[in-house]
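Numbering (our numbering), first residue to last: 88 to 226. Report on the structure given below.
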Amino acid sequence: MHELSLAQSILDAVLEVAEERGAERVLGVRIRVGEFTMVNPEQLRFCLEALAEGTPAEGAEFEIELERGRLRCRECGEEWSTDEEEALKDARDPALHAAFGSEELPSLLGLRCPRCGSRSVEIRGGDSCEVRTIRLEFG
Ligand SMILES: [Zn+2]
């Protein structure tokens with residue numbers, strides 16, 4: 088499951104920082120998730136909370152913000168973001184998860200250039216996940 092493995096790597100990174108700095112507890116974590124990671128923010132939060140149990144991050148507040156996807160047309164060079172993109176709203180198909188990070192993702196989503204209508208579209212942003220801030224409590 089996509090969200091579970093991502094949650095595990097986020098938590099590992101957070102706990103490593105907490106340990107390095109000698110913190111007693113993790114109070115909060117802010118995470119930015121790109122739209123094209125096809126991660127469901129609610130599922131990710133659920134996995135983080137479950138995995139954090141019994142660690143210094145238990146009870147931490149996990150804030151997840153969604154980063155809009157950015158696209159570029161290979162034909163005409165048009166660049167746009169996915170604010171208005173209906174295709175992504177129900178993009179929870181397992182095939183899309185499997186295609187994550189691949190060249191085929193824009194065409195699987197049925198994305199087209201808004202200017203020239205080309206389907207030759209590439210992803211320019213919103214395809215990664217990062218931990219933005221970590222709030223720690225020291226003993
Ligand atoms: Zn175009």
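Here a beta-carbon is modelled for each residue, glycine too, at the ideal position from N, C-alpha and C.
- Listed in chain order, the beta strand (DSSP E) elements of length 3 or more contained wholly in the segment 113 to 154 are 148 to 154.
- Within a 10 Å sphere around the beta-carbon of residue 149 sit 16 or more other beta-carbons, which makes this residue buried.
- Under the three-state reduction of DSSP output, residue 165 falls in the coil class, being neither helix nor strand.
- Per the coordinates, the alpha-carbon of residue 225 lies some 36 Å from the alpha-carbon of residue 123.
- For the pair residue 142 and residue 102, the CB atoms are nearer than the 7 Å cut-off.
- For residue 200, the distance from the CB to the nearest heavy atom of ligand 1 is below 6 Å.
- Inclusion of residue 115 and residue 154 in the CB contact set at 7 Å is not warranted, their separation being larger than that value.
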